[in-house]
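Each residue of the sequence shown is one higher than the last, beginning at 17 in the working numbering. Glycine is no exception: its CB is placed at the ideal position from the N, C-alpha and C atoms. None of these values were measured; they are calculated from a predicted model.
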Amino acid sequence: LFLSRHHPAPSNYRGDIGILSPLPTFEYLIVIPNLCLMAYGGKPSRGCQMCRIRRIKCDETKPTCTQCARARRQCPGYRPPRPPNATEKKARGSFSNAAAETSDSQSSSSPPTSPPAETVPTLLQLPVEDLASCHFVSNYVLIPRQALATTRGFLEFLVPLLKKDTLAPSFKHAFDACSLASLNNRVGCGNDFEKKALGCYTKALAATFSALRDPALVKRDDTLAAILLLGLFESITSRKGMYAWSSHIEGAIELVKARGPDQLKTKTGLDLFIAVRVQMIIHSLSTGKAPNINIEWWVDDPVSLGVSSDFQKFSSRTALLKNEVNNLLATLTRTVSNVRLIEETMRKCYALDKEMVEWLRVLPEGLRWTTEAWEDYNPKRDYSKAEAFPGRIDLYGDLWVANLWNVTRCLRIVMASLTIRLKAWLISPADYRTTPEYATVSATCVEAISDIIASVPYQLGWFCKRKQLKVRAQLSGYACGEDDTEKSLAGFFAIWPLVCIQNQDYLTDLQRIWVKGRLQCIGNHLGVRYANMLSQLNLRMPSMLIMRDRLMSNAHIASPGKGDAPKSAPDEGGQRNAYLKVIQSQTEQLKQRAVEKPGKVDDWTVKTWLQL
Numbered sequence: 017l018f019l020s021r022h023h024p025a026p027s028n029y030r031g032d033i034g035i036l037s038p039l040p041t042f043e044y045l046i047v048i049p050n051l052c053l054m055a056y057g058g059k060p061s062r063g064c065q066m067c068r069i070r071r072i073k074c075d076e077t078k079p080t081c082t083q084c085a086r087a088r089r090q091c092p093g094y095r096p097p098r099p100p101n102a103t104e105k106k107a108r109g110s111f112s113n114a115a116a117e118t119s120d121s122q123s124s125s126s127p128p129t130s131p132p133a134e135t136v137p138t139l140l141q142l143p144v145e146d147l148a149s150c151h152f153v154s155n156y157v158l159i160p161r162q163a164l165a166t167t168r169g170f171l172e173f174l175v176p177l178l179k180k181d182t183l184a185p186s187f188k189h190a191f192d193a194c195s196l197a198s199l200n201n202r203v204g205c206g207n208d209f210e211k212k213a214l215g216c217y218t219k220a221l222a223a224t225f226s227a228l229r230d231p232a233l234v235k236r237d238d239t240l241a242a243i244l245l246l247g248l249f250e251s252i253t254s255r256k257g258m259y260a261w262s263s264h265i266e267g268a269i270e271l272v273k274a275r276g277p278d279q280l281k282t283k284t285g286l287d288l289f290i291a292v293r294v295q296m297i298i299h300s301l302s303t304g305k306a307p308n309i310n311i312e313w314w315v316d317d318p319v320s321l322g323v324s325s326d327f328q329k330f331s332s333r334t335a336l337l338k339n340e341v342n343n344l345l346a347t348l349t350r351t352v353s354n355v356r357l358i359e360e361t362m363r364k365c366y367a368l369d370k371e372m373v374e375w376l377r378v379l380p381e382g383l384r385w386t387t388e389a390w391e392d393y394n395p396k397r398d399y400s401k402a403e404a405f406p407g408r409i410d411l412y413g414d415l416w417v418a419n420l421w422n423v424t425r426c427l428r429i430v431m432a433s434l435t436i437r438l439k440a441w442l443i444s445p446a447d448y449r450t451t452p453e454y455a456t457v458s459a460t461c462v463e464a465i466s467d468i469i470a471s472v473p474y475q476l477g478w479f480c481k482r483k484q485l486k487v488r489a490q491l492s493g494y495a496c497g498e499d500d501t502e503k504s505l506a507g508f509f510a511i512w513p514l515v516c517i518q519n520q521d522y523l524t525d526l527q528r529i530w531v532k533g534r535l536q537c538i539g540n541h542l543g544v545r546y547a548n549m550l551s552q553l554n555l556r557m558p559s560m561l562i563m564r565d566r567l568m569s570n571a572h573i574a575s576p577g578k579g580d581a582p583k584s585a586p587d588e589g590g591q592r593n594a595y596l597k598v599i600q601s602q603t604e605q606l607k608q609r610a611v612e613k614p615g616k617v618d619d620w621t622v623k624t625w626l627q628l
């Protein structure tokens with residue numbers, strides 16, 4: 017009995033950028049001296065259990081099939097062979113007799129040198145941390161295949177940081193926490209991965225806090241990377257809603273400001289800077305806070321020029337405008353000068369939306385999408401579990417291209433919402449839904465919603481399951497593992513566009529059922545639990561935000577010390593307090609309506625989405 021160890025690498029493994037060797041496959045070979053005849057075992061055994069579950073062809077390699085080795089999965093083994101038929105028994109009997117005769121003749125001349133082996137293990141167990149790290153890198157680290165300024169990766173800064181001989185404690189614990197949490201969410205219960213992940217997360221928090229107090233460590237790349245990973249951990253586990261994630265992103269923004277322009281001199285520092293900038297804009301759009309642009313966020317470098325730079329600028333300008341509108345509608349009283357200010361702000365919204373439409377029109381051909389399939393409507397189908405919604409199914413160059421289009425569509429929806437909120441303020445108390453602006457905005461949002469829905473099947477692996485469709489080469493791939501499988505990062509990218517359209521007034525009931533089903537699929541199947549919580553939101557935009565604007569404006573007018581309060585506002589102390597209580601009660605009712613079931617979404621997250 018001897019051990020033969022092999023390291024097969026998948027055909028698309030990129031050794032120049034890979035950070036971890038492919039998982040080793042261990043084969044045990046039994047050598048029986050002088051046995052030259054082998055028994056015929058009939059037809060080959062069926063595929064391994066994992067290949068049968070994944071519904072792919074198994075090459076039936078022993079002890080672990082090549083498909084499992086390439087996918088970095090532990091092969092669970094094969095079914096026991098079926099009983100041989102009469103012909104096979106006859107053939108096997110003849111071979112056995114010949115082997116027995118040979119064995120008898122050999123045994124008379126030479127005694128056995130070793131006892132026979134009783135059991136042979138099928139697969140050596142690898143450390144959980146190694147399995148988790150491979151799983152995490154193959155699901156979240158996206159690397160551009162080509163050095164194009166129009167393509168981007170995700171978490172690519174992890175590659176050089178993980179290649180270091182010694183990892184900083186804060187970074188190592190944060191990486192292990194994300195890896196174990198991601199693996200736990202994909203393989204299900206019955207293990208202690210979640211407990212280990214939480215332990216690593218606690219250690220990472222302590223180590224990061226210590227690093228932030230050290231003048232030498234605070235400006236290191238791995239300290240900033242640890243904070244970004246802590247934010248990702250909150251999205252993967254969804255332990256405390258949006259609050260913890262928001263805190264980590266705000267900390268990363270402050271750290272970038274402290275690091276200064278020197279961080280842009282290295283590739284890793286630039287990648288970290290870009291990652292923080294993206295998270296800052298998502299944070300601003302989600303919370304309504306103005307993005308922190310006191311430093312030069314637009315880098316004068318080919319990586320940030322062109323499409324990427326324009327995309328980031330549109331996102332930042334939208335976040336700034338949203339913050340401005342929130343403040344105006346919550347504090348302005350109806351005066352001639354304020355009416356002019358609101359009208360001017362509406363023109364800003366129209367102008368920015370027009371710029372985005374023109375920018376999308378002239379995008380390079382490589383960044384455009386194509387319609388590759390059509391899904392027919394089935395009245396008997398449960399669309400909460402359907403992979404595709406009735407209508408077209410679009411194909412994109414890669415995940416980053418799909419994300420670019422979908423985020424831009426969401427920005428246009430945000431612009432439409434701001435426009436209607438401003439119009440509702442101008443014509444209040446008349447019904448804003450009777451205005452020409454509402455008709456125009458509705459058409460824009462319905463089109464954007466349809467486009468986002470048509471992109472989701474591509475993001476969630478619809479084309480990976482249909483090999484017969486000829487799919488164009490992707491512009492980026494993962495740091496290890498197979499690219500044509502369902503990935504957690506794809507679900508992570510799809511969350512914000514799905515939540516954005518889920519909350520719109522313009523969505524049909526069937527579309528909303530499908531969108532919530534996709535969010536639950538991302539949370540339960542792809543392991544990004546943050547999506548499960550967001551699927552419980554029952555917001556309606558812009559109608560709920562218009563109600564929010566009126567409640568906050570009334571509360572501002574009724575508050576003591578407001579010199580611009582109109583004469584109609586209650587002026588007696590008792591009346592004012594009663595009026596404020598009514599407003600507070602209506603605000604609580606609005607918060608309750610914003611959630612499907614009480615307790616499923618934390619209060620901070622609900623208030624954040626309602627801009628309260």
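Does DSSP put residue i in a helix, in a strand, or in coil?
i	result
Gln520	strand
Val417	helix
Phe249	helix
Met557	strand
Trp620	helix
Val355	helix
Val611	strand
Phe170	strand
Trp478	coil
Pro473	helix
Leu628	coil
Leu535	helix
Thr450	helix
Ala232	coil
Glu463	helix
Taking the alpha-carbon positions, what's the residue i to residue j distance?
i	j	result
Ala241	Asp146	20 Å
Ser198	Leu245	12 Å
Asp238	Arg556	41 Å
Lys616	Val378	43 Å
Phe327	Pro307	15 Å
Asp565	Gln602	12 Å
Glu374	Met66	48 Å
Arg236	Ile538	33 Å
Ala193	Asp278	29 Å
Met296	Val272	11 Å
Ile443	Ser569	15 Å
Ala223	Asp230	11 Å
Cys480	Ile529	24 Å
Ala190	Ile243	8 Å
Ser154	Asp75	23 Å
Asp208	Leu158	28 Å
Ser332	Gly304	12 Å
Asp521	Ser551	16 Å
Ser263	His299	10 Å
Leu420	Gly322	13 Å
Gly169	Asp467	23 Å
Sorted by chain position, which residues of the same chain lie with C-beta nearer than 8 Å to residue i's C-beta, five sequence neighbours on each side aside?
i	result
Ser353	none
Lys364	Leu337
Leu39	Confidence is the limiting factor: at Leu39 the pLDDT is only 38, short of 50, which leaves the residue's position unreliable, though a coordinate-based value still follows. Excluding residues within five positions, the ones whose Cβ falls inside 8 Å are Ala85, Arg88, Leu142, Asp146, Leu147 and Cys150.
Between which two residues does the beta strand (DSSP E) containing residue i stretch?
i	result
Tyr410	The question names Tyr, but residue 410 is Asp in the sequence shown. Looking at the DSSP string, the run of the beta strand (DSSP E) that includes Asp410 is Gly407 to Leu411.
Could you please give the first and the last residue of the uninterrupted alpha helix (DSSP H) stretch that includes residue i?
i	result
Ala389	No alpha helix (DSSP H) holds Ala389; the beta strand (DSSP E) holding it covers Thr386 to Glu391.
Leu158	Per DSSP, Leu158 belongs to no alpha helix (DSSP H); it is in the beta strand (DSSP E), Leu158 to Pro160.
Phe289	Lys283 to Thr303
Leu199	Pro185 to Val203
Ala274	Tyr259 to Arg275
Output yes if chain C places a C-beta closer than 8 Å to the C-beta of residue i; else output no.
i	result
Ile517	Note that chain C does not occur in the displayed structure, where there is just one protein chain.
Just to confirm my understanding: we take residue i, look at its own chain, exclude 5 residues before and 5 after, and list those with CB closer than 7 Å. What are they?
i	result
Asn554	Arg609, Ala610, Val611 and Glu612
Lys78	none
Thr135	Bear in mind that a pLDDT of 47 at Thr135, under 50, signals an unreliable position, so the number given afterwards is only what the model happens to contain. Excluding residues within five positions, none has a Cβ falling inside 7 Å.
Leu139	Unreliable placement is indicated for Leu139, whose pLDDT of 49 sits below 50; no coordinate value is reported for it.
Tell me which residues share the same chain as residue i and place their Cβ nearer than 6 Å to its Cβ, disregarding the 5 neighbours each side in the sequence.
i	result
Leu301	Ala335
(request) Tell me, please, whether the stretch 216-235 touches the stretch 504-512 by the rule of three or more beta-carbon pairs shorter than 8 Å. (result) Contact between the stretch 216-235 and the stretch 504-512 is absent, because fewer than three Cβ pairs lie under 8 Å.
(request) Mind the definition here: the stretch 468-481 touches the stretch 411-429 only if three or more C-beta pairs lie below 8 Å; say whether that holds. (result) Result yes; three or more Cβ-Cβ pairs closer than 8 Å.
(request) Would you check if there are 3 or more beta carbon pairs closer than 8 Å linking the stretch 536-545 to the stretch 245-260? (result) Three or more Cβ pairs drawn from the stretch 536-545 and the stretch 245-260 lie within less than 8 Å of each other, which places the two stretches in contact.
(request) May I ask you to verify whether the stretch 427-441 touches the stretch 341-361, counting CB pairs closer than 8 Å and requiring at least 3? (result) Counting Cβ pairs under 8 Å, three or more are found: they touch.
(message) I want to know whether the stretch 397-413 touches the stretch 533-543 - three or more CB-CB distances under 8 Å.
(response) Here the stretch 397-413 makes contact with the stretch 533-543; the two share three or more CB pairs at distances below 8 Å.
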